[in-house]
Amino acid sequence: MNPFFEARRLTYQYARGPLAVRGVSLEIAPASLTAVIGANGSGKSTLIRMLAGLVRPASGEILLDGLALEKWRPRERAREIAYMPQVTVTAFPFPVVDVVLSGRSPHVPRFRLENERDRATAMEALESTGAAHLANRSLTALSAGERQMVILARALAQEPRLLLLDEPSAALDLKHRAGLMRTLARLRERRGLSVVMITHDLQLTGSLFDRILALRCGEVAAMGAPVDVLRGELLAEIYGEPNVRAQRIGGQTLVWIEA
Amino acid sequence: MKTEPMAAPLRARLAGALALLALLLAAAVALALISGRQRIDWRSVLSDPFARTLFFRLRLPRVLMGVLIGASLALVGAALQALFRNPLADPFTLGVQGGGTLGASIAIALGWSARVLGIPLVFLAAFVGAMLAVFLVKTIASTGMVVLPGALLLAGVVVNLVSGAAVVAIQYVADPDAALRILRWMVGSLDVVGLEPVSRMFFLLAPAWIALLALGRQLHLMAIDEDTAATLGVNVARCETVVHVLCSFIVGVTVAMGGAIGFVGLIVPHAVRLMFGEDLRIVLPGSLLLGAAFLVLADALARSVLPSSELPVGAITGLLGGPMFLWLLRRRQQYSAI
Numbered sequence: 000m001n002p003f004f005e006a007r008r009l010t011y012q013y014a015r016g017p018l019a020v021r022g023v024s025l026e027i028a029p030a031s032l033t034a035v036i037g038a039n040g041s042g043k044s045t046l047i048r049m050l051a052g053l054v055r056p057a058s059g060e061i062l063l064d065g066l067a068l069e070k071w072r073p074r075e076r077a078r079e080i081a082y083m084p085q086v087t088v089t090a091f092p093f094p095v096v097d098v099v100l101s102g103r104s105p106h107v108p109r110f111r112l113e114n115e116r117d118r119a120t121a122m123e124a125l126e127s128t129g130a131a132h133l134a135n136r137s138l139t140a141l142s143a144g145e146r147q148m149v150i151l152a153r154a155l156a157q158e159p160r161l162l163l164l165d166e167p168s169a170a171l172d173l174k175h176r177a178g179l180m181r182t183l184a185r186l187r188e189r190r191g192l193s194v195v196m197i198t199h200d201l202q203l204t205g206s207l208f209d210r211i212l213a214l215r216c217g218e219v220a221a222m223g224a225p226v227d228v229l230r231g232e233l234l235a236e237i238y239g240e241p242n243v244r245a246q247r248i249g250g251q252t253l254v255w256i257e258a
Numbered sequence: 000m001k002t003e004p005m006a007a008p009l010r011a012r013l014a015g016a017l018a019l020l021a022l023l024l025a026a027a028v029a030l031a032l033i034s035g036r037q038r039i040d041w042r043s044v045l046s047d048p049f050a051r052t053l054f055f056r057l058r059l060p061r062v063l064m065g066v067l068i069g070a071s072l073a074l075v076g077a078a079l080q081a082l083f084r085n086p087l088a089d090p091f092t093l094g095v096q097g098g099g100t101l102g103a104s105i106a107i108a109l110g111w112s113a114r115v116l117g118i119p120l121v122f123l124a125a126f127v128g129a130m131l132a133v134f135l136v137k138t139i140a141s142t143g144m145v146v147l148p149g150a151l152l153l154a155g156v157v158v159n160l161v162s163g164a165a166v167v168a169i170q171y172v173a174d175p176d177a178a179l180r181i182l183r184w185m186v187g188s189l190d191v192v193g194l195e196p197v198s199r200m201f202f203l204l205a206p207a208w209i210a211l212l213a214l215g216r217q218l219h220l221m222a223i224d225e226d227t228a229a230t231l232g233v234n235v236a237r238c239e240t241v242v243h244v245l246c247s248f249i250v251g252v253t254v255a256m257g258g259a260i261g262f263v264g265l266i267v268p269h270a271v272r273l274m275f276g277e278d279l280r281i282v283l284p285g286s287l288l289l290g291a292a293f294l295v296l297a298d299a300l301a302r303s304v305l306p307s308s309e310l311p312v313g314a315i316t317g318l319l320g321g322p323m324f325l326w327l328l329r330r331r332q333q334y335s336a337i
């Protein structure tokens, strides 16, 4: 299928720092799942923040439906792209249900309040991440993993076409990791959702994702199907760690570090 | 998976909160109008010219002044807490009032009595002072894109101290008449004669209130998380600028008229949150109403607590607000931001 979202030769430079992202291009087709991997500090988060429109690239362009991202009206863009940050720290004890409901904001007309449908959508999103039981708790009282499920639910309540996730599985236990992957697969199936997800969890990427984008020092080190990217010598190069091993067992790729 | 029942929809909560707080405000105004050293008998207001003067020239304007300033400070406090995601932010702790007081003091010491577009220069000077204070405090506390919550408050305190010192210096240099007028502000008072200054203030403040209330949704999203607010369609940079300007303007006007009345903007939004939840679309209008009621009652107390004379209302709010600030600070483990 044709890509609806394109990033071309993106570059980003922090003030008085080296280039964090160098010439990265990426095309996203509908109903596709892309994993972004790479060592710490390789530019993954910066890349995804550019894709979310949070920071402007120093050079290069990002097109959504052929129109430059910064030309979109913020609220209209928010109906197409949702972003989940690595950590969310709130100063105030917002109830979980309010936080998830805030994901409906781009769909609620100005000077109106959320209606019953919005509330139903929010609760559905909360259920799909397995966090419905937290609805009336306050966000500040949750564990890191629970908080990630809530913030993911907010991104889902936004009903975007493209979901940008910055390490959503980092604080999740095995059960909720499995739940996360099932939810993403289901939404791709049902609604044609596309996902770009940063992860260090290489096991997770092998079976479900269509494509892996590997970054090394801000540059694309490899991009392709998991079978092609998850190879021992390539991973060793990407992470700068010679003892990485990878082996395919059935449909899965096993990655480990040899002591 | 079991679904717990959700809290009542926002619309119902909002209506309930506003109705309750409006009633409270009406009761506070009624109580404040009858309290004071000089008891006012309703029949004599109609017949006795002295009682009428007392009521319409002094008592009523003072109570209305309390309504305007209390509403303003509490609304600004709620907006600043959301904007900076800091439960201890308010016009006083962020140095906004200090900057405004300094600006107004300079204008008075220099004898600027002119008006620009009908707005007294003293108001404008206070507005500029407040703007500069917000800008300075925010710049000092920012590292890159992050505003450090602790540094924000420390910078605010320092701006307040420096402003206070500068105001004292100005008092020494200025002529005695101007010095006396400046001194009155350091404590904050609602003394006002006649309804004209009150109505002038209302027409300056009301548009700014409405503009700030209209930003409720944006402030709500930013209070939860700034980055996600941006990806939810809020123009964060523009919203921040607008809120800074509106808050500085409102605080500038209140400071120019009532002086630096402390902690109203801290106490009131927290009380509204405890009563009606965290949603800024309730907290902002709720703070407006409760702030008015709170300051009117605090002033009624200030007028009647001593048998022979009055306390400045700033002393009452400071005595209530200081401990409240410390209590919030103690509870900071619940608020991860400080």
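Protein chains in written order, with numbering that gives the first Met the number 0: chain X, 0 to 258; chain C, 0 to 337. Cβ coordinates follow ideal geometry from the N, Cα and C atoms, glycine included.
Would you report the Cα separation of alanine 124(C) and threonine 253(C), rounded to the nearest angstrom?
12 Å
Using 7 Å as the limit for Cβ to Cβ distance, is leucine 67(C) near chain X?
no
Over the uninterrupted beta strand (DSSP E) stretch that includes aspartate 37(X), give me the two end residues.
Residue 37(X) is actually glycine in this sequence, not aspartate. From DSSP, the beta strand (DSSP E) with glycine 37(X) extends over 32-37.
How about serine 24(X): is its C-beta nearer than 7 Å to some C-beta of chain C?
no
Leucine 147(C) - DSSP class collapsed to helix/strand/coil
coil
For chain C, check one thing: does any of its Cβ atoms lie closer than 7 Å to the Cβ of serine 44(X)?
no
Checking the sheet assignment: what are the DSSP bridge partners for methionine 222(X)?
Leu212(X)
Methionine 0(C) (DSSP reduced to helix, strand or coil):
With a pLDDT of 40 at methionine 0(C), under the threshold of 50, the modelled position of that residue is not reliable, and the figure given next carries that caveat. Three-state result, methionine 0(C): coil.
Got a sec: is the Cβ-Cβ distance from glycine 102(C) to anything in chain X below 7 Å?
no
So what's methionine 5(C) in DSSP terms, helix, strand or just coil?
Bear in mind that a pLDDT of 48 at methionine 5(C), under 50, signals an unreliable position, so the number given afterwards is only what the model happens to contain. It is coil, neither helix nor strand.
Could you tell me which whole beta strand (DSSP E) segments of length 3 or greater appear in the region 290-315 of chain C?
none
With 16 other Cβ atoms within 10 Å as the buried cut-off, status of phenylalanine 91(X):
buried
Which ranges does the beta strand (DSSP E) cover as unbroken runs of at least 3 residues, wholly within the region 85-161 of chain X, from first to last along the chain?
none
Between the Cα of leucine 328(C) and those of Ala207(C), Leu265(C), Ala314(C), spot the shortest distance and give me the residue it belongs to.
Leu265(C)
Please list the partners that glutamate 239(C) has in chain X, where partner means a Cβ-to-Cβ separation under 8 Å.
Near glutamate 239(C) there are no residues of chain X at all, since even the closest Cβ is about 14 Å away, more than 8 Å.
Here's the rule: buried if 16 or more other CB atoms are within 10 angstroms of the residue's CB, otherwise exposed. What is leucine 13(X)?
Note that residue 13(X) is tyrosine in the sequence shown, not leucine. When all chains shown are included, tyrosine 13(X) counts as exposed.
Count the other CB atoms within 10 Å of the CB of serine 308(C); is the residue buried (16 or more) or exposed (fewer)?
exposed
Residue range of the unbroken alpha helix (DSSP H) whose run includes isoleucine 68(C):
59-83
Using DSSP with H/G/I as helix, E/B as strand and the rest coil, what is threonine 92(C)?
coil
Selection of the region 74-101 of chain X by Cβ proximity to chain C, strictly under 9 Å:
Arg74, Glu75, Arg76, Ala77, Arg78, Ile80, Ala81, Tyr82, Met83, Pro84, Thr87, Val88, Thr89, Ala90, Phe91, Pro92, Phe93, Pro94, Val96, Asp97, Val98, Leu100, Ser101
Rounded to whole angstroms, what is the Cα-Cα separation between phenylalanine 122(C) and aspartate 176(C)?
19 Å
Within the 7 Å Cβ cut-off, does asparagine 234(C) reach chain X?
yes
Closest Cβ-Cβ distance between tryptophan 326(C) and chain X: below 7 Å?
no
Under the three-state reduction of DSSP, which class applies to serine 43(C): helix, strand or coil?
helix
Are valine 95(C) and valine 250(C) touching if we call contact CB-CB under 7 Å?
yes
In the DSSP assignment, find the unbroken beta strand (DSSP E) run with glycine 22(X) in it and report its ends.
18-27
Where does serine 24(X) land, buried or exposed, given buried means 16+ other C-beta within 10 angstroms?
exposed
Taking the alpha carbon of arginine 12(C) as the reference point, which residue from Asp298(C), Leu296(C), Val271(C), Pro196(C) has its own alpha carbon closest?
Val271(C)
Can you find a C-beta in chain C that's less than 7 Å from the C-beta of serine 104(X)?
yes
Determine the extent of the beta strand (DSSP E) in which glycine 59(X) is found, giving its start and end residues.
58-63
DSSP on tyrosine 13(X), reduced to helix/strand/coil?
coil
Check whether chain X comes within 7 Å of glutamate 225(C), counting only Cβ atoms and requiring the distance to be less than that.
no
Can you pull the chain C neighbours of glycine 52(X), defined as C-beta to C-beta under 9 Å?
Ala229, Thr230
To the nearest angstrom, how far is it from the Cα of arginine 180(C) to the Cα of alanine 259(C)?
13 Å
In terms of DSSP beta bridges, what is arginine 114(C) paired with?
Pro119(C)
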